[in-house]
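Engineer: Please find one structure pasted underneath; my questions will follow.
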Amino acid sequence: EPYEDKEALLDFIRNIHHSRSLNWDTNFPVCFLWTGVTCNSDNTRVVALRLPGMGLRGSIPSNTLSRLSSLQILSLRSNGISGDFPQDFSNLRNLTSLYLQSNKFTGSLPSDFSVWNSLTVLDLSGNRFNGSIPPSISSLNHLTSLNLSNNSLTGEIPDINIPSLQQINLTNNHLTGILPNSLMRYPSSAFSGNELSSQIAIPPATSAETPIPQPARKPRGKLTEPAILGIVLGGCVVSFAAIALLMICSYSRGKNDGGLPTTKTRLKKKKKKDIGGGDGKSNKLVFFEGCRLAFDLEDLLRASAEVLGKGSYGTTYKAALEDATTTVVVKRLKEVGVGKKEFEGQMEVVGGIKHENVCPLRAYYYSKDEKLMVYDFYDRGSVSVLLHGRRGEGRTALDWETRMRIAIGAARGIFYIHSTRQSAAKQLVHGNIKASNVFLNSDNYGSINDVGLATLITPTPAPAPNRSASSGYRAPEVTDPRKATPAADVYSFGVLLLELLTGKSPTNSSSGGVRWVNSVVREEWTAEVFDVELLRYPNIEEEMVEMLQIGMNCVVRMPEQRPKMVDVVKMVEGIRRAGGEGRGFGSDSGVEVAMSTPTPPGSDRVGSSSSAIQ
Ligand SMILES: Nc1ncnc2c1ncn2[C@@H]1O[C@H](COP(=O)(O)OP(=O)(O)OP(=O)(O)O)[C@@H](O)[C@H]1O
Numbered sequence: 001e002p003y004e005d006k007e008a009l010l011d012f013i014r015n016i017h018h019s020r021s022l023n024w025d026t027n028f029p030v031c032f033l034w035t036g037v038t039c040n041s042d043n044t045r046v047v048a049l050r051l052p053g054m055g056l057r058g059s060i061p062s063n064t065l066s067r068l069s070s071l072q073i074l075s076l077r078s079n080g081i082s083g084d085f086p087q088d089f090s091n092l093r094n095l096t097s098l099y100l101q102s103n104k105f106t107g108s109l110p111s112d113f114s115v116w117n118s119l120t121v122l123d124l125s126g127n128r129f130n131g132s133i134p135p136s137i138s139s140l141n142h143l144t145s146l147n148l149s150n151n152s153l154t155g156e157i158p159d160i161n162i163p164s165l166q167q168i169n170l171t172n173n174h175l176t177g178i179l180p181n182s183l184m185r186y187p188s189s190a191f192s193g194n195e196l197s198s199q200i201a202i203p204p205a206t207s208a209e210t211p212i213p214q215p216a217r218k219p220r221g222k223l224t225e226p227a228i229l230g231i232v233l234g235g236c237v238v239s240f241a242a243i244a245l246l247m248i249c250s251y252s253r254g255k256n257d258g259g260l261p262t263t264k265t266r267l268k269k270k271k272k273k274d275i276g277g278g279d280g281k282s283n284k285l286v287f288f289e290g291c292r293l294a295f296d297l298e299d300l301l302r303a304s305a306e307v308l309g310k311g312s313y314g315t316t317y318k319a320a321l322e323d324a325t326t327t328v329v330v331k332r333l334k335e336v337g338v339g340k341k342e343f344e345g346q347m348e349v350v351g352g353i354k355h356e357n358v359c360p361l362r363a364y365y366y367s368k369d370e371k372l373m374v375y376d377f378y379d380r381g382s383v384s385v386l387l388h389g390r391r392g393e394g395r396t397a398l399d400w401e402t403r404m405r406i407a408i409g410a411a412r413g414i415f416y417i418h419s420t421r422q423s424a425a426k427q428l429v430h431g432n433i434k435a436s437n438v439f440l441n442s443d444n445y446g447s448i449n450d451v452g453l454a455t456l457i458t459p460t461p462a463p464a465p466n467r468s469a470s471s472g473y474r475a476p477e478v479t480d481p482r483k484a485t486p487a488a489d490v491y492s493f494g495v496l497l498l499e500l501l502t503g504k505s506p507t508n509s510s511s512g513g514v515r516w517v518n519s520v521v522r523e524e525w526t527a528e529v530f531d532v533e534l535l536r537y538p539n540i541e542e543e544m545v546e547m548l549q550i551g552m553n554c555v556v557r558m559p560e561q562r563p564k565m566v567d568v569v570k571m572v573e574g575i576r577r578a579g580g581e582g583r584g585f586g587s588d589s590g591v592e593v594a595m596s597t598p599t600p601p602g603s604d605r606v607g608s609s610s611s612a613i614q
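Taking mature numbering (1 follows the signal peptide of the UniProt record, and there is no 0), the leading residue of the sequence shown gets 1, the next gets one more, and so forth.
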């Protein structure tokens, strides 16, 4: 814990009015749970404080934030803070980014800027600062962005000769005189709205900031491969899925149904040789309780099937029956690295899970040569498809509400999985959390698929473009996915959150996605980091910033420093609560829901520390 910084933060918040509630509870770990606070890697110091739009009012109490001497990023933008620029901020010598824009600061700018010689971004726009621009500002020789627009600054513009400075905006002040030579290289619109002598022609622009280029979005081709495979393999696949299902169902139903017509028996014999490996008699499709698959062999004979995709664990098929109401997904596993007993034991645990945020496993099949799993078909596709499918082609954007529900549902589902026992001695872990394994349940909340597979299967490289499909989500300490830990799932969930926020898939560039977010967050180019599709929704910025912080907490490098899933659920549910606008999410009690769900057969619940934090 950063004890001294914690005291400084408490002194600050107790002495300033804030209309939005903050979860700065002294019992919560500052570095993991406190809204807006980011710590260094060993959690001894606070390095960033971001409280945009928290309804802060009045002046900043002296000798509070100035004690955060390791602070690098300070954002208090979009509040109603008044009073002078805090003199004691001169103690914040490590500041790299200072965002105080859109407040009600008055008085003159600090006279000696040289104390912040690490500063790269300075935004004091949209306040009521007056007086002149201090020449000492030109000593900030790391500055890349300076925005003093929309204040009441007077006097001449000093010589600001900073080679690193890329953006400058001094518009809408009362500056006079002529523009110094050192600033001639910037667009004249950067100085409009002043009373400068007519040495330069000033176009009537309102914002003069050089637009930050949007990161190029690569076309996402995730759907094309299954489509192509579907076409290429169509013929044989249709027969495979239909025949496989036919055959396995005939095993399971043959006895009950009192025999099969001749034609089907012939098929049965054929498949027995093909996939049963001669031991077909003892193998059958095992349906789980609650499975209402209303198909029979006739239907299956006519079923059309297509490849949905090839993953690291095998090939996934969609099998649609002719009645147009029954569609199932069959996953054909390869390289199962465990024996029949262990496989069946695991399937019983997974099949026993009944939770609204975990996709149900309907049935499985095991023989020496063939291992199949049967799931419901989700016709809207995975979260990966919803997020990245058909970008730029008039697709329906995935709205913020749904992204929040995906995050909350996925968190609850993972927490439930972690609360289930794989065996008497072992907690169940997912091991392969990623957007293509999350679907929407009937309430549009996230639901986790592929439970229990990672630990069973010897991973083999999936075909491109899926080759690195899991690696962008994989925690750095995981070398063998079969040995994933709960903390590794937390990491992968963090990547999923960042993906929901940025609209960017981590799958194409190994951990590049996260590194990208990290670098952008450091600069707090907020509008840049978030998915452009989200910019159209009003009043969600604070929620996005909060989700971003949770994501960042989950992807810290050291596994023991990541929050536990029980806390993640509360944090994600708390995003909306923090907004305090009465727009909650149902019971908003995923933890409690999970805890009170009946124990799945064959699995004991692991105790949880959920009561520790309320
Ligand atoms: N029940 C389902 N309903 C609809 N689509 C599904 C279902 N199960 C899987 N898919 C989709 O089929 C495709 C292939 O899935 P599969 O699980 O084989 O590979 P993956 O998720 O890409 O990788 P991995 O094998 O590592 O999980 C994915 O796009 C996935 O989202």
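Here a beta-carbon is modelled for each residue, glycine too, at the ideal position from N, C-alpha and C. These numbers were taken from a predicted model, which means no experiment stands behind them.
Assign residue 480 to one of three DSSP states: helix, strand, or coil.
Structural biologist: Of the three classes helix, strand and coil, the one that applies to residue 480 here is coil, per DSSP.
Engineer: If you compare alpha carbons, which of 405, 150, 164 and 546 is closest to residue 141?
Structural biologist: Selected option, being the one with the closest Cα: 164.
Engineer: For ligand 1, any of its heavy atoms closer than 6 angstroms to the Cβ of residue 307?
Structural biologist: Not under cutoff, so the answer is no.
Engineer: Report the partner residues of residue 368 according to the DSSP bridge assignment.
Structural biologist: In DSSP, residue 368 forms no bridge with anything.
Engineer: Compute every distance between the C-beta of residue 382 and the non-hydrogen atoms of ligand 1, then say whether any falls below 6 angstroms.
Structural biologist: Correct: residue 382 has its Cβ closer than 6 angstroms to ligand 1.
Engineer: Going by the beta-carbon positions, is the gap between residue 52 and residue 77 smaller than 7 angstroms?
Structural biologist: In this structure, residue 77 lies closer than 7 angstroms to residue 52 by Cβ.
Engineer: For residue 2, count the other beta carbons within 10 Å of its own beta carbon; 16 or more makes it buried, fewer makes it exposed. Which is it?
Structural biologist: It counts as buried.
Engineer: Looking only at its own chain, which residues have a Cβ that is under 7 angstroms from the Cβ of residue 138, when we skip the five neighbours before and after it?
Structural biologist: 158, 159, 160, 161 and 162, listed in sequence order.
Engineer: Going by C-alpha distance, which of 177, 391, 56 and 118 is nearest residue 71?
Structural biologist: It is 118.
Engineer: Quick check for students: name the residue ranges of the beta strand (DSSP E) that lie wholly in the stretch 105-145, counting only runs of 3 or more.
Structural biologist: Counting only runs of 3 or more, we get 121-123.
Engineer: If the criterion is Cβ atoms closer than 7 angstroms, does the pair residue 81 and residue 56 meet it?
Structural biologist: Yes; because the gap between Cβ atoms is below 7 angstroms, this pair is in contact.
Engineer: When DSSP builds the beta bridges, which residues end up paired with residue 39?
Structural biologist: Paired residues: 46.
Engineer: What residues in its chain sit with their C-beta under 6 angstroms from that of residue 193, if we drop five residues either side in the sequence?
Structural biologist: Hits under 6 angstroms: 171 and 172.
Engineer: Who are the Cβ neighbours of residue 147 in its own chain at under 6 angstroms, not counting the five residues just before and after it?
Structural biologist: Correct list, in chain order: 123, 125 and 169.
Engineer: Enumerate, from N- to C-terminal direction, the unbroken beta strand (DSSP E) stretches of 3 or more residues contained entirely within the stretch 147-185.
Structural biologist: As far as the stretch 147-185 is concerned, its whole beta strand (DSSP E) runs of at least 3 residues are 152-156, 167-169 and 174-177.
Engineer: With a 10 Å radius around its C-beta and 16 neighbouring C-beta atoms as the bar for buried, classify residue 370 as buried or exposed.
Structural biologist: Residue 370 comes out buried.
Engineer: Starting from the Cα of residue 616, find the closest Cα among 127, 98 and 380 and give me that residue.
Structural biologist: For the chain, the structure presents residues 1 to 614; residue 616 sits outside this window and is missing.
Engineer: Three-state secondary structure (DSSP) at residue 13?
Structural biologist: In the structure shown, residue 13 sits in a helix (DSSP, three-state: H, G or I).
Engineer: Do you know how far the Cα of residue 363 is from the Cα of residue 382?
Structural biologist: Using only the alpha carbons, I get a separation of about 20 angstroms.
Engineer: What is the DSSP secondary structure of residue 60, counted as helix, strand or coil?
Structural biologist: In this structure, residue 60 counts as coil in the three-state DSSP scheme.
Engineer: So, helix, strand or coil for residue 84, using DSSP?
Structural biologist: Strand.
Engineer: Whether or not the stretch 553-565 and the stretch 486-499 are in contact is what I'm after, with contact meaning three or more pairs of Cβ atoms, one per stretch, closer than 8 angstroms; do they touch?
Structural biologist: Touching, yes, given that three or more Cβ pairs across the two stretches are closer than 8 angstroms.
Engineer: Is it the case that the CB of residue 326 approaches a heavy atom of ligand 1 more closely than 6 angstroms?
Structural biologist: Because no heavy atom of ligand 1 lies under 6 angstroms away, the Cβ of residue 326 does not count as near it: no.
Engineer: Hey, how far is the Cα of residue 535 from the Cα of residue 395?
Structural biologist: Approximately 16 angstroms between the Cα atoms of the pair.
Engineer: Can you give me the C-alpha to C-alpha distance between residue 634 and residue 37, rounded to a whole angstrom?
Structural biologist: Only positions 1 to 614 of the chain appear in this structure, which leaves residue 634 out of reach.
Engineer: Report the rounded CA-to-CA distance for residue 20 versus residue 156, giving the unit in angstroms.
Structural biologist: Near 40 angstroms, if we compare the C-alpha coordinates of residue 156 and residue 20.
Engineer: Does ligand 1 have a heavy atom nearer than 6 angstroms to the CB of residue 409?
Structural biologist: Checking every heavy atom of ligand 1 against the Cβ of residue 409, none is found closer than 6 angstroms.
Engineer: To which residues does DSSP link residue 327 through a beta bridge?
Structural biologist: BP columns for residue 327 point to 320.
Engineer: Taking the alpha carbon of residue 497 as the reference point, which residue from 115, 373, 358 and 472 has its own alpha carbon closest?
Structural biologist: When only C-alpha atoms are compared, the closest one is 472.
Engineer: Along the chain, where does the beta strand (DSSP E) that runs through residue 344 open and close?
Structural biologist: Note, residue 344: premise wrong, no beta strand (DSSP E); alpha helix (DSSP H) at 340-351.
Engineer: Tell me whether residue 446 sits in a helix, a strand or coil according to DSSP, three-state version.
Structural biologist: Reduced to three states, the DSSP call for residue 446 is strand.
Engineer: Measure the alpha-carbon distance for residue 397 versus residue 425 and round it to whole angstroms.
Structural biologist: If you take the alpha carbons of residue 397 and residue 425, they lie about 44 angstroms apart.
Engineer: Provide the residue span of the beta strand (DSSP E) that contains residue 309, from first to last.
Structural biologist: Residues 304-311.
Engineer: For the beta strand (DSSP E) holding residue 439, just list the boundary residues, first then last.
Structural biologist: Run containing residue 439: 438-440, per the beta strand (DSSP E) assignment.
Engineer: With distances taken Cα to Cα, identify the nearest neighbour of residue 64 among 101, 8 and 367.
Structural biologist: Comparing Cα-Cα distances from residue 64 to each of 101, 8 and 367, the minimum goes to 8.
Engineer: Does any heavy atom of ligand 1 sit closer than 6 angstroms to the C-beta of residue 126?
Structural biologist: Checking every heavy atom of ligand 1 against the Cβ of residue 126, none is found closer than 6 angstroms.
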